Each structure stands twice: as structure tokens, then as C-alpha cells.
Amino acid sequence: MDKIIGFLKKYKTRLIIGACVLVLLIVAFVGFKILVKVGNPKYFYNYMHDARGSLPTEYNAGAKENADARTAFSTETTSPANHKITEHVEIDGTVADSYIRADKIDFSEDFCENPAGIKGLLTFRGNYARSMTSVLNSDISKGKFASDRWTYATGKVLKSNGVDYWSGNGWTGQPIVTEWPADIKETMNLFDEAKAKDSLKEVIYPGMDGCIHFLDLETGKETRPTIYVGMTFKGTASLYPDGTPLLFCGSGDAQTGQFGENVCQRFYIYSLIDGTLLYEGGYNDDFAPRIWHAYDSSPIIDPATDTLIQPGENGVIYTMKLNTSYDRAGGKLSVAPSDVVKYSFTIEDKYKEGGYLWGSECSGTVSGGYLYIGDNAGTFYCLDLNTMNMVWVQELNEDINSSPVFEYDGANKYVYVATTLKYNYNSHSMGEAAIYKFNAMNGEIIWKKPYEVHTVKGYAGGILSTGALGAGIVSDYIFYSVSKTPGIEQGYLVALDKHTGEEAWVLPLEMYSWSSTVVTYSSDGHAYIIQGCQNGDLILVDAANGKVLDRLNFGSGIEATPVMYGNRIVLATRSEKILGVAVE
Amino acid sequence: MEKLTGKSKALTIEILIIVLLLLTGFGFGKSNTEGAKAPVTCADDLVGGAIGGIKGRMPQSSARIFYESMLGRRVSSYTSYASVAEATGALLSGKIKAACVTDVTADYMIAGNRSLTKLDRTEMAAVENTVEPRFEFGMAVRNDREGETLCGELNYAIDVMKRTGTLDDLIYKHITSVVYPEGGSPYKFDTYKEEALAREAAVLPEQPPKKLHIGITGAVEPIELLDERLQPTGFCSEFADYLGQILNCRIELLVLDNETVFTSLMSGRIDAVFCYGSGRVTTEGSRKWLTTEGYYPMYAYDFLVQGSQGEL
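Chains A and B, in that order, are what the protein sequence lines are. In terms of the numbering used here, the numbers along the first sequence are unbroken and rise by one, the last being 584. In terms of the numbering used here, the numbers along the second sequence are unbroken and rise by one, the last being 312.
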């Protein structure tokens, strides 16, 4: 003991210096690890402090009035004139002061919720109300994921910066699943095995790897040759809703080449008879108010008037007559787009490059002759498709990535939408994002459910997922995933009472989710949720109470939105995999 | 030491020969070049094969992803070569199955070497088959105040060359007549002239530059061609002469490496890069460079492969 004390006394100074250096090294190492995780020193605060999460709901019962009106209209609050809206219309390349559509568009409730002529999920969230996340009842008697799984490898393409890459499948990136009638199958370029398979359910999945993959839902085997496009797909494709084998999809990033050249994003129309590209449009558009052109928004097609409605992130909404010619027996298919009508708007002193931005990244929803859609500046509006005029508008002032969900409640019509924190964050990169319920007929806000979230450049917080309306025993609920709250990497899966906006239950998520919630129902009336998360978790949840029933982890972020067909789920990760998982 | 007997000598020599053969890889197992020598007739033949291209600003790993997305197939490797000659040399020696070059370069190489051909692009990704040109070759300058001014001056000169038909003459002399003597040129003559005449003429700059250094790399033959002494010749040389005449300034073409020519531009060593991708930009965020108007269209990247003798 004396020796030890003597030693310490003799080398006191050196020991103190050594200890200090050791502490500094440990702190530096920990700091470095945190910096790698955080990415930027300015987010240190966010890793140390929680956001407030759920904030009080704001409710306005009076806003429900006239939700049963037959025609949409504006109020003092929602009148475009009171929001300094300036609209522009171009008809076949010529700027026009006004427009009247010759063949009126009129989407019926039945059509929006259950389009006839095509079995399956034909667009983002299955239908144009954006409310069908699963098809057919699932058999989930055991309440867990089955061991029956398949994996399919995809790939990557370069981002427009020429260095980084887009890989696998990401937001919104939902697959389409359909069952082709036998006679149409016969005319298609399906592989023999797929052609011969009765009740083949085909998964059609454009990916971030710039390819359109075609897989058997049950086995994950390719059903026909991959279509190579070469430009990344981030959004979700659409099928022609009467069963005509046309595929509509849009690229989400420009392509930069070896000479620094920029090949503009565009939207595509493909024949699913033989995989031929029939049309590409929306590129290098001088009419667009915004430099950035991208087409993440899932297109809408009105088969009654053969009209395509394609919102763009360049600030343009395109409509065009497709002039579809389809000889079903002979397997001959063509389109000859004409009557191209483009719409854009701006708000004086608000929209600008580098500020509040034009353009829609989310998908729109339709009802009657109206399109309901939000944009990157947080402007949520109702557009009359037959006059290409804005009917009503609300400025939510935060990026709208969540697609609106349309609800028919008897004669009343409502629409739900949510925001991402992009503009109004404080010095600690925190701020408010919210879920809204609107009166679809006049744009009045019935309730607003806000959350305080974190936001990180490139990895936004808020509500990027699209809501899922419940049915059956959960018919009072709408489900959302809320990202980056209370912790910067955490999130919530919430069930909101759709009448009041109050939380019915909240499930904290270890890792946040951009992926939209899937709701499915078993034949015995139970309701289940499938939720993918950024840490690769796929969780099975009791939709009635938020209890986690089972969990899988795929090792890599599930950012894209899954679909469910019967008891089969198709999902994809950023690590270049499409996966098929069953539940039991 | 014992002398080797006749039998031992023979055995020793046989063993040495076997060792030598093993070292050269001759006849033992499949060599790397054997796969490369298998004929490539379609895009599917490149699956799992080695391809190459010309070194550029894009890192090699990124270039591989880029060409895979153009091809629509995965390859086993991508190698960047310093020049078109090196890349085609690697192709002809079997080191790579395809050389990725611009369409005009591919056609130029095929015109000069009947053992080369190119793959059918219609089997590749849709982005390889856009109706409109992928981009136009133009000159790149720095995105600063000086660069903006210079861009205006160069655009003036290019505009004059277009509206007077001089550009068309240059294209015919150095590209069309050399590469497409029997027709089939994708370039439509008079288009540039008509477009230029349909718009207002650019204005002569008040104080044009006195001397310009323009970087040439030889990576886009025959647009940028180097002679036996590795000096610029052909289209780029005569184009530069006209630039100098129109702007009344001295043009010096500096031969640089394609991988570093862009860095030279950014550092100020040169004022412009002769051959870069001009065209509309649809991504946000500022770029470090500007490009002039284009002077020749590029439709797609081609995959040069070995063909049968006498085939195009």
C-alpha cells in the first residue's frame, strides 16, 4: 500500500495528464460516433432532447356543414381569390384564359372505391379514393407472420448528382397487384408457366433501380421479362382501371451522364401486352413553373372519357385524352395522346425556387369532377377538372407528402391529408406537422391533429405516410404513422377517431416510418395492421387496440408501402429486395 | 554435383514446360479472356461480362452503375480507360466485352475498323432510346461572373456559326463525310441554321476575350481528335479557329486528361472545356458550371463490341 501511494505521489502530474487525455479521447470517440450517426453537429440537440409529440387537437364542428353539397364551392376562408392565387392553363401548347372540357369527367363513388373491370390494387392505395390497402380477407387466425416467404433481388441507379444512388424501393413505392382475365393473359408476353397458372396474381413493381419488375405474388418468380427504363421510380404506378393492359408510371429523378448532361424526368405509358413503351411525356416543359420535374404522384385515369390525369412535381397537372385503341381478342393496343391540357398556379410573393415550392409529390384523389391534391408548399386544393379552375384552397404551409384520402360518409364527403415538417422548424430543427380532416365540398378544416416532430435535411419528420381508413370494427378510425417524434429516430403509429381527431390509441415505434399503414381484415371480423419501419421492422398489430402481435426484421429500411392480397404481403426494402411474406 | 542424365533432363524440361504453361494460363481452365472472346451479339450477352469506357469525371464505381442502368443488365466489372484507343484496344484484345462510348464515337470507330460493331440499343433501357437527343455537345465554363460573360461570348460565336451555315459545313467535313459516307447520319442539316435564323441574333460582346484556353481530351472522337503527335486536329481544331476569328481572339487548345479536365476548369487553368453536355437542367441546386449552346447532338451511348470481319 505504501508503495502504491508512493508511486502515485511520485507520478501524480503524469497520471493526471494521462487521465485527462484518456477522458478526452473517450469523449472524442463518443462524439465522433454520435457525429457519424447524427450527420451534422447541429442535430446534436435533437439527439439529446425529445420533441413534445402529440399536441392538443383543434376541432371545428361547424366546418362539417354542407359536406353533403352536390357541387364543391369555396368559403371566405378557402376562396382562391383570397389567397392571391394566379392560375395558368395551356391547351395543346397555347396559353388559354379559360377551358371547358368537352367530355365531362365525373368519378362516381362506386368507381372511386371499387373500380370495376380490374381485380386487385390498381394504383397507390388500391383505388382513387386512396382507401384500399388490402384486397380480400386475410386468414390471420394465429395472429403472426408465417414462415412462407420469398425474396427477389433488384438493383440501383445513380442519382442525378452522378455519385450516390437510388436502391431497391422507397417512398411511396407501392407495388400493384392484379389478376388478369384468362383471355387477356393469352395475348400477353407472360412466361409459359405464368400464362398457364390459373388465378395468377401478378405483382407489377417499378423500382428505384429503374426497372419494372413482374412477379408471381405467391412465389416471387418472374412472370414476364423485366422492363428496363433506366430512370428511377419512387412513386407508385397505375393501371388503366377497366382492365385494358396499360401501365402508367413516372420517374422520380433526372439522369446525369458521363458528360454532366441532364436527362429530364418524365412519365411513361407502357403496353402490358408486350412491354412496349407507347408514350413518354412531361419532360423539359417550358410551361412548368419549377425547374425540378418528377412524377412520384400516382396517375389517375378516367376510362369513361379515356383521360389521363398526371400531377407533376414541376408544378403542372397534365390531362390528356389517351385515344386508347384496344383489340382485346387480337392483343393489339395503342394510345395516341391528344387534347393536352396543362394547369399550374402560383401564389404571389410566396412560391419561388429555394422557398415554398410548386409541385405535387403526393398522389391526388378524385370525386365527381374534382381532383383533391396537395403540393410541396403545403397548398391543399380542390381543382375542377372540367374547367381546370381551383374551387377552394387551404394553405397549410408545410410540405404535403401524404396523399389525401377521400371518405364517403353517407352523403357527406370528407378528405384527410397530413403534412411534413419542411419550412417552419425552429432553431432546434423541431416544429409542427399535422393530420387534417377537411370538408371536401368547401375545404373547411373540421379537425387538425398536430404533433411536434424533429426534422433532418433529407430525412424529414412529420407525416409522410398516407392515412388508412378503417372499416368494420375499426370503422371509426383512421391510421397514420408519424415520423421523428418524440425522439429523432422514433415515431408513432396512431389510430385517430375520424370524427374528432382524438387519439384512440398510440403505438410508439422504436424507429419511425415513412411507409403507409396497411389495414387488413380477417373473415371473423378482426382488423390488423401491417406497418413497415425505417429500421427494417415489419410489425403486425391489432388494429382495434394497437397491440403488437408479431414482428419481423429485414435488416434494411422499409420505406416503400406494402400491399396485402389475401394473406400475402408484398413489400420492398432499400437494400435491393422485394419480399413476399404471408400471415397466418 | 551430378550431371543430369538424359532421362532426368527430359523430365526436367517437361516439368519446366508445364510450369511455364501454368503461369501463362494456357489451356488450363477458362482464362479471363476466353469469356470475353465469346461473340457478343445482344445486350443479354453482356450479363456478367466485363465492360469498359473512357475515364471521366464520374467515379469508376458510379460509371459502372450508370452503364448498367443504360444496358438494363448487370455486368461483372467496369474499367475506365484513359482514351478511346485504349478502350477499343482492350475490346479487341478481349479484356472487355464492350466499350461504352458516345454514339458518334462508336460510329467513327466502326467506320475505321470493320471488326467492330455496336449492339442494338432497342434491347436496352428506355432512357437509351429517347426520341429527342440525350444532350448536345457544348462547351463548359465556370459558373461565376467571368464564366457567365464568357458563356455569352461563346454563344455569340456559336450563333454566328449556326446562322451562316459554317457549323453545318464543319460537321459535314469532319463528321458526316468521314463517319457516314454512305448515309445514315442522325444529324439533320440546316436545323441549326433554321433555328438560329428564326430567333434574334446574339449581340457581339463589347470586349471579347484576348486569349482563351480551351481544354481538349480526345475522348469524343471525331469531335475531339488528336493527331499522331497528340495535337488537336479535325473538328475541334477548325471550330476553335472560327471561334477565334469571330471573337477576334487567340484560342489555345490544351490537351488534358479527360478525368481531370473538369478540375482544370474549376481551378482556372483553362477557360472552357470543349466537349461537355449542354442542355436543360431539371434538378435543383446550383451547379459549378455553365454550358454554352450545343453544336452537335448526342442521342445515346453505344456499346461497341467485336463483330465478324466485314460486318457493320
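From the three backbone atoms N, C-alpha and C, an ideal C-beta is built for every residue, glycine too. Note that the structure is predicted; figures quoted are calculated from it, not measured.
Chain B contact residues for residue i, given Cβ-Cβ distances below 7 Å
i: LEU293 of chain A; result: A small correction: the amino acid at residue 293 of chain A is His; Leu does not occupy that position in the sequence shown. Ordered by position in chain B, the residues that pass the 7 Å Cβ test against HIS293 of chain A are THR282.
Neighbouring residues, chain A, relative to residue i (Cβ below 8 Å)
i: VAL127 of chain B; result: GLY210, VAL229, GLY230, MET231, GLN255, VAL263
i: PHE135 of chain B; result: GLY257, PHE259, GLU261, ASN262, VAL263
i: MET139 of chain B; result: Result: empty, since nearest Cβ-Cβ is about 11 Å, beyond 8 Å.
C-alpha gap between residue i and residue j, whole angstroms
i: TYR99 of chain A; j: MET390 of chain A; result: 12 Å
i: ALA99 of chain B; j: GLY52 of chain B; result: 5 Å
i: GLY257 of chain A; j: ILE13 of chain B; result: 55 Å
i: ALA304 of chain A; j: LEU322 of chain A; result: 11 Å
i: TYR299 of chain B; j: THR130 of chain B; result: 8 Å
i: GLY18 of chain A; j: ALA28 of chain A; result: 15 Å
i: VAL477 of chain A; j: ALA81 of chain A; result: A small correction: the amino acid at residue 477 of chain A is Tyr; Val does not occupy that position in the sequence shown. Computed Cα separation, rounded: 35 Å.
i: CYS264 of chain A; j: PRO299 of chain A; result: 18 Å
i: ASP349 of chain A; j: TRP358 of chain A; result: 13 Å
i: ARG130 of chain A; j: LEU91 of chain B; result: 52 Å
i: SER8 of chain B; j: ILE18 of chain B; result: 15 Å
i: LEU239 of chain A; j: ASN426 of chain A; result: 42 Å
i: LEU312 of chain B; j: GLY112 of chain B; result: At LEU312 of chain B, the pLDDT of 38 sits below 50, so the modelled position is not reliable and the matter cannot be decided from this model.
i: GLU361 of chain A; j: ASN386 of chain A; result: 23 Å
i: VAL474 of chain A; j: VAL494 of chain A; result: 13 Å
i: THR71 of chain A; j: THR236 of chain A; result: 30 Å
i: LEU21 of chain B; j: ILE15 of chain B; result: 10 Å
i: LEU55 of chain A; j: SER79 of chain A; result: 28 Å
i: ILE96 of chain B; j: ALA50 of chain B; result: 5 Å
i: PRO208 of chain B; j: CYS249 of chain B; result: 7 Å
i: GLY155 of chain A; j: ASP209 of chain A; result: 5 Å
i: ILE227 of chain A; j: PHE554 of chain A; result: 26 Å
Cβ pair residue i, residue j closer than 8 Å
i: CYS42 of chain B; j: GLU136 of chain B; result: no
i: PRO133 of chain B; j: PRO297 of chain B; result: yes
i: LEU170 of chain B; j: PHE235 of chain B; result: yes
i: TRP171 of chain A; j: TRP514 of chain A; result: yes
i: SER465 of chain A; j: GLY168 of chain A; result: no
i: ASP92 of chain A; j: VAL335 of chain A; result: no
i: THR420 of chain A; j: GLY462 of chain A; result: yes
i: TYR295 of chain B; j: GLU128 of chain B; result: no
i: ALA504 of chain A; j: GLY467 of chain A; result: no
i: GLN490 of chain A; j: GLU510 of chain A; result: yes
i: ALA69 of chain A; j: TYR414 of chain A; result: no
i: ILE270 of chain B; j: ILE214 of chain B; result: yes
i: PRO241 of chain A; j: PRO115 of chain A; result: yes
i: VAL177 of chain A; j: VAL570 of chain A; result: yes
i: TYR295 of chain A; j: GLY252 of chain A; result: yes
i: SER367 of chain A; j: CYS112 of chain A; result: yes
Partner residues on chain A for residue i, Cβ-Cβ distance less than 9 Å
i: ILE65 of chain B; result: GLY155, LYS156, VAL157, LEU158, TYR165
i: ARG74 of chain B; result: GLY155
Cross-strand partners of residue i (DSSP beta bridge)
i: GLN306 of chain B; result: B:LEU116
i: ALA433 of chain A; result: A:TYR451
i: CYS249 of chain A; result: A:TYR268
i: ILE530 of chain A; result: A:VAL518, A:LEU540
i: MET564 of chain A; result: A:SER134, A:ILE569
i: GLY374 of chain A; result: A:PHE380
Status (buried if at least 16 other CB within 10 Å, exposed otherwise) for residue i
i: VAL23 of chain A; result: exposed
i: HIS231 of chain B; result: The sequence given here has Gln at residue 231 of chain B, not His. Burial call: exposed.
i: SER284 of chain B; result: Here residue 284 of chain B turns out to be Glu, not Ser, going by the sequence shown. So GLU284 of chain B ends up on the exposed side.
i: PHE590 of chain A; result: Beyond the ends of chain A as shown, which are 1 and 584, falls residue 590 of chain A; an answer cannot be given.
i: HIS428 of chain A; result: exposed
i: HIS526 of chain A; result: buried
i: LEU579 of chain A; result: buried
Within chain A, partners of residue i - CB distance below 7 Å
i: SER62 of chain B; result: LEU158, GLY162, VAL163
i: TYR276 of chain B; result: PHE259, GLY260
i: PHE239 of chain B; result: Those within 7 Å of PHE239 of chain B in chain A number zero; the least Cβ separation is about 17 Å.
i: MET58 of chain B; result: GLY162, GLN258
Chain B residues whose Cβ lies nearer than 9 Å to that of residue i
i: PHE124 of chain A; result: The premise fails here: PHE124 of chain A is roughly 22 Å from chain B at the closest Cβ pair, so nothing lies under 9 Å.
i: GLU353 of chain A; result: GLU284
i: LEU277 of chain A; result: ALA126, ASN129
i: ASN284 of chain A; result: GLU132, GLY279, ARG280, THR282
Interface residues of chain B facing residue i [CB-CB closer than 8 Å]
i: ASN189 of chain A; result: Residues of chain B passing the Cβ test: none, with the nearest at roughly 14 Å.
*Give, in chain order, every residue of the segment 35-52 of chain B whose Cβ lies closer than 8 Å to some Cβ of chain D.*
The chain inventory of the structure shown lacks chain D, comprising the protein chains A and B.
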